[in-house]
Amino acid sequence: MTTPIDATSTPAWTELTALKEALVPDLRGWFADDPGRVERFSFELADLHVDLSKNLIDDAIVAALVRLAEETGVAERYAAMLRGEHINTTEDRAVLHTALRRPAGASPALVVDGQQVDHDVQEVLEAMSAFADRVRSGEWTGITGKKVQTIVNIGIGGSDLGPVMISAALEPFGGDIEARFVSNIDPFDLAHKTKGLDPETTLFIVASKTFTTLETLTNARLARDWLWAGLEASGAIGPSTGSGTDAEAQRTDAVAHHFVAVSTALDKVAAFGIDTANAFGFWDWVGGRYSVDSAIGLSLMIEFGPESFRELLAGFHAVDEHVASTPIERNVPVLMGLLNVWYTNFLGAQSHAVLPYAQQLSRFAAYLQQLTMESNGKSVRWDGSPVTSETGEIFWGEPGTNGQHAFYQLIHQGTRLIPADFIAFANPAYPLADDGRDVHGLFLANFLAQTKALAFGKTAEEVEAEGTTGALVAARTFAGNRPTTSIFAPALTPRTLGELIALYEHITFTQGVIWGINSFDQWGVELGKQLALQIAPAVEGDQAAFDAQDASTRALLEYYRAHRR
3 MTTPIDATST
13 PAWTELTALK
23 EALVPDLRGW
33 FADDPGRVER
43 FSFELADLHV
53 DLSKNLIDDA
63 IVAALVRLAE
73 ETGVAERYAA
83 MLRGEHINTT
93 EDRAVLHTAL
103 RRPAGASPAL
113 VVDGQQVDHD
123 VQEVLEAMSA
133 FADRVRSGEW
143 TGITGKKVQT
153 IVNIGIGGSD
163 LGPVMISAAL
173 EPFGGDIEAR
183 FVSNIDPFDL
193 AHKTKGLDPE
203 TTLFIVASKT
213 FTTLETLTNA
223 RLARDWLWAG
233 LEASGAIGPS
243 TGSGTDAEAQ
253 RTDAVAHHFV
263 AVSTALDKVA
273 AFGIDTANAF
283 GFWDWVGGRY
293 SVDSAIGLSL
303 MIEFGPESFR
313 ELLAGFHAVD
323 EHVASTPIER
333 NVPVLMGLLN
343 VWYTNFLGAQ
353 SHAVLPYAQQ
363 LSRFAAYLQQ
373 LTMESNGKSV
383 RWDGSPVTSE
393 TGEIFWGEPG
403 TNGQHAFYQL
413 IHQGTRLIPA
423 DFIAFANPAY
433 PLADDGRDVH
443 GLFLANFLAQ
453 TKALAFGKTA
463 EEVEAEGTTG
473 ALVAARTFAG
483 NRPTTSIFAP
493 ALTPRTLGEL
503 IALYEHITFT
513 QGVIWGINSF
523 DQWGVELGKQ
533 LALQIAPAVE
543 GDQAAFDAQD
553 ASTRALLEYY
563 RAHRR
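Just so we're on the same page, the working numbering is the position in the sequence shown counted from 1, plus 2.
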C-alpha cells in the first residue's frame, strides 16, 4: 500500500491558498480585458466541446492547479489503475472499468492477476450480443411462444441507476421492446412497473453480482410470484394446487423462459430457477457505480441493440484514451476535477449542480450522485489515515428549463457559491416548430442566457437605466461571478453519452487522487444495511429484537404497529 501524498503539504496547495486570498472575481472585467480568454479555456474532448471560460480562474490559478495534479501524482495513479494495480486498497482489488470498453484486439493485451482481461470481457460482450439478438428477433420467446415485448431490469444502486439513466437518454434509438426498471424494495415500485404488462411477453433481468442483494432478491421473488400468478390466470400454466410434479415443472419452465441473470453466483442463480446458461457475469474489479458498460448493461443491449451498445463503449474509450495521452494542462476531465477541488477546498463550495438542457438526461444527475458521492464521500485516506482537507461534493440537478422555474433563484442570487455544469446538444432528437420558430433553438437560447446571466449578472446602474427605482433596485440586481462550465455536443447519441459518463468518471477519479482517498469502495453503505437486518425481526413482532433497540427506534416501531392495517 502506498502512502497518499498530502495535497495540503505541497507547494501548489500553498500557492493556491495565496491565489485564493488575492482573488477578486470579475468575469466582466476578465472577458473585457482578455479577448483570448474563451479560446484559451475552451477544449475539445472527442465529440464534446467544453468551455471553462466562465469559471473563477485565470492563467495563474490554472497553472497552480496543474502543478497540484503533478505533485499529487494524478497521472501516475491513473497509469497504475490502467495496469491493474490494486488501487482499491480496502478490498485489495484492481480497478478496471476502463477495460470494459477496450476495443476487441486492443494491444498490448491486458493481463491482470493471471486473468486474460480482454479475452474475458469480449467473451461476455459476445454472449450478451447473441442473447440480445435472439430476444430482439423473436427467436427467444416466453413459455407460450410469444415474442418478448417488455424487459424489466431488477437491480439497485449501480445495477439500476446506469441502465435506467441510459434507457431514458437513448429513447429515440430504441425499437419495439420497452424497458422498465425496478429497484426500490417499496412494494409500490414492482407493482407500478409491472402494471399493465402481459406475463407471457415479459422478460425479467435480475442484476446482482452475488445474487444476495436484499432489495434485488426480494423484488425478484415478488416478480416470480407475479409471473406465476399471471400465467396461471391466463391458463398458460396449471394451478399451483394441481399435481405437485406437473405444477412444479411448469413453474420451473416459466422461470427459465422469463428470467435471466447478471451474476457470477451460478449456484444461487440455479437455485432461483434461472438457467445458468443465461447468466452473464462480471468481475470483482468492476465497482457497481462503474458497471453500466459491463453485463449490467444487458437490458440496454436488448433495448437498443448490440451496435448501439458498442457505440456507447466507444464513447467511453475515447475519453479513457484522452485522459491517458493528453498533458494535464489540456486534459479536460483532469482540469474539471481540479476546478472542483478549487471550488471545494479554496472557495468554500459545498455542492455542484449539473443542469442538462436535454429532457432525455432527466436521470443524469441521479446517476452522478452515486458516481461522485459514493466514490468521494470519505473521511479517511486510502492508507487509513484521516483526510487533510474537505472531500466530496453534493451533486444535484434537474433538466433545464424546469430547473429555471425551481432552484435557479438560489444559484443566481443566493448566498452560496454553487458551481454548475450546463450540458446541451446542437441537434434535438425530435425537431419541432411552433408558429414557424424552431423550438429547440428557443430551448438553447435559455441554455446560453443562463450561463451569461450567472457569469456577468446585472448591475444596479443597469437596473436603474431600465426605470426601476427605490428598494426594487437591489432586488433586481444580480452579482454575477457565478461559475459555470458549458458542455456542448452535436447530438445526444450512444457515443456522446458514453463520453459524458466517462468524463465524470475521470473527474471523480482526479478529485479522489488529490484528496488521497479510495474512490472505489463504499463501506459507508454497509452499516445501515446491517442494522436493517437486525431491526426487521422487531418490525415483524419479535419482542427480544424490539427490546434491543434504542428508545427512539422503539417509539417509531410502536407507531408503526399502531397504524399498520
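Where is the CB? At the ideal position from N, CA and C, for every residue including glycine.
Inside the region 320-364 only - beta strand (DSSP E) runs reaching at least 3 residues: 353-358
Bounding residues of the alpha helix (DSSP H) (the contiguous stretch that carries Glu234): The residue you call residue 234 lines up with position 232 of the sequence shown. Looking at the DSSP string, the run of the alpha helix (DSSP H) that includes Glu234 is 216-236.
Range of the contiguous beta strand (DSSP E) that encloses Val264: Taking the first residue of the sequence shown as 1, we reach residue 264 at position 262. Element bounds for Val264: 261-264.
Reduced DSSP category for Glu180 - H, G, I as helix; E, B as strand; rest coil: Indexing the sequence shown from 1 puts residue 180 at position 178. The answer is strand: DSSP assigns Glu180 an E or B state.
Local conformation of Asp255 per DSSP, three classes: On the sequence shown, position 253 is the one that residue 255 refers to. Asp255 falls in the helix class under three-state DSSP.
Cβ shell of Arg182 (< 7 angstroms), same chain only, five flanking positions each side left out: By 1-based counting over the sequence shown, the position of residue 182 is 180. Cβ neighbours of Arg182 beyond the five flanking positions: Thr152, Val154, Lys195.
Residue range of the alpha helix (DSSP H) that includes Thr204: In the sequence shown, counting from the first residue as 1, residue 204 sits at position 202. Per DSSP, Thr204 belongs to no alpha helix (DSSP H); it is in the beta strand (DSSP E), 204-209.
Between the CA atoms of Trp32 and Glu501 - distance to the nearest angstrom: Taking the sequence shown and counting its residues from 1, the one referred to as residue 501 is at position 499. Taking the sequence shown and counting its residues from 1, the one referred to as residue 32 is at position 30. Their backbone Cα atoms lie some 31 angstroms apart in a straight line.
Nonlocal neighbours in the same chain, by C-beta distance under 6 angstroms from Thr403, ignoring five residues either side: For the purposes of this step, residue 403 is identified with residue 401 of the sequence shown, where counting begins at 1. Asn448.
Reference Gly38, options Lys56, Asp49, Lys22, closest by Cα: Indexing the sequence shown from 1 puts residue 38 at position 36. It is Lys56 whose Cα lies nearest to the Cα of Gly38.
Distance CB(Gly157)-CB(Thr218) smaller than 8 angstroms: Here residue 157 is taken as the residue at index 155 of the sequence shown, counted from 1. Here residue 218 is taken as the residue at index 216 of the sequence shown, counted from 1. Result yes, Cβ atoms of Gly157 and Thr218 sit closer than 8 angstroms.
Beta-carbon gap between Leu98 and Trp384 smaller than 8 angstroms: Within the sequence shown, numbered from 1, the residue matching residue 98 stands at position 96. Within the sequence shown, numbered from 1, the residue matching residue 384 stands at position 382. Cβ distance not < 8 angstroms, so Leu98 and Trp384 don't count as in contact.
Identity of the residue in Ser301, Glu331, Tyr561 nearest Gly177 by Cα: In the sequence shown, residue 177 corresponds to position 175, counting from 1. Checked all of Ser301, Glu331, Tyr561; the closest Cα to Gly177 is Ser301.
Whole-Å CB distance - Arg79 paired with Val515, under 8 angstroms assumed: Within the sequence shown, residue 79 is the residue found at index 77, counting from 1. Within the sequence shown, residue 515 is the residue found at index 513, counting from 1. About 5 angstroms; that satisfies the 8 angstroms criterion.
DSSP beta-bridge partners of Lys460: Indexing the sequence shown from 1 puts residue 460 at position 458. Answer is Phe480.
Straight-line gap, Gln415 to Val356 (C-alpha atoms, nearest Å): Along the sequence shown, read from residue 1 onward, the residue named residue 415 stands at position 413. Along the sequence shown, read from residue 1 onward, the residue named residue 356 stands at position 354. In a straight line, the C-alpha of Gln415 is about 18 angstroms away from that of Val356.
Burial state of Asn378 (16 or more Cβ within 10 Å): In the sequence shown, counting from the first residue as 1, residue 378 sits at position 376. Asn378 is buried by the Cβ-count criterion.
Lys211 to Leu535 span [Cα, whole Å]: Here residue 211 refers to the residue found at position 209 of the sequence shown. Here residue 535 refers to the residue found at position 533 of the sequence shown. Distance between the alpha carbons of Lys211 and Leu535 is about 20 angstroms.
Minimum length 3: unbroken beta strand (DSSP E) runs contained in the region 124-189: 152-156, 180-184
Selected residue, minimal CA-CA separation from Arg484, among Val343, Gln361, Ala106, Lys460: In the sequence shown, the residue the question calls residue 484 occupies position 482. Arg484 has its Cα closest to that of Lys460, out of Val343, Gln361, Ala106, Lys460.
Contact set for Thr319: own chain, Cβ-Cβ below 7 angstroms, skip 5 residues either direction: As a working note, residue 319 is residue 317 in the sequence shown. The sequence given here has His at residue 319, not Thr. Result list for His319: Arg103, Arg104, Pro105, in chain order.
As assigned by DSSP and simplified to three states, the class of Ile537: Stepping through the sequence shown from its first residue, residue 537 is reached at position 535. In the structure shown, Ile537 sits in a helix (DSSP, three-state: H, G or I).
Integer-rounded CB distance, given that Thr417 should sit under 8 angstroms from Phe397: In the sequence shown, counting from the first residue as 1, residue 397 sits at position 395. In the sequence shown, counting from the first residue as 1, residue 417 sits at position 415. About 20 angstroms; that fails the 8 angstroms criterion.
Touch test, the region 434-450 against the region 464-473, Cβ-Cβ under 8 angstroms, three pairs minimum: no
Contact between the region 65-76 and the region 325-335 (3+ Cβ pairs under 8 angstroms): yes
From Ser353, Asp436, Ala281, residue whose alpha carbon lies closest to that of Ala209: Taking the first residue of the sequence shown as 1, we reach residue 209 at position 207. Cα-wise, what sits closest to Ala209 is Ala281.
Rounded separation between Leu558 and Glu528 - CA only: Numbered from its first residue, the sequence shown carries residue 558 at position 556. Numbered from its first residue, the sequence shown carries residue 528 at position 526. Roughly 22 angstroms separates the two Cα atoms.
Contacts around Ile276, its chain only, beta-carbon distance under 8 angstroms, and the 5 residues preceding and following it disregarded: The residue you call residue 276 lines up with position 274 of the sequence shown. Result list for Ile276: Val208, Val257, Ala258, Phe261, Val262, Ala263, in chain order.
Where Ala504 falls: helix, strand or coil (DSSP): Residue mapping note: residue 504 aligns to position 502 of the sequence shown, counting from 1. Correct three-state label for Ala504: helix.
First through last residue of the beta strand (DSSP E) which encompasses Thr486: The count along the sequence shown starts at 1 and reaches residue 486 at position 484. Unbroken beta strand (DSSP E) run through Thr486: 486-493.
Segment contact, 8 angstroms Cβ cut-off, at least three pairs: the region 160-167 with the region 366-373: yes
Contact set for Ala81: own chain, Cβ-Cβ below 8 angstroms, skip 5 residues either direction: For this step, residue 81 is matched to residue 79 along the sequence shown. Closer than 8 angstroms at the Cβ level, and outside the excluded window around Ala81, lie Ala326.
Per DSSP, cross-strand counterpart(s) of Pro388: The count along the sequence shown starts at 1 and reaches residue 388 at position 386. Pro388 pairs with Val382.
Simplified DSSP assignment, three categories, for Glu395: Position 393 of the sequence shown, counting from 1, holds the residue named residue 395. The answer is coil: DSSP assigns Glu395 none of H, G, I, E or B.
Helix, strand or coil at Ile420 [DSSP, three-state]: Here the question's residue 420 lines up with position 418 in the sequence shown. Three-state DSSP puts Ile420 in coil, outside helix and strand.
Secondary structure of Val26, DSSP reduced to three states: Here residue 26 is taken as the residue at index 24 of the sequence shown, counted from 1. Coil, per DSSP.
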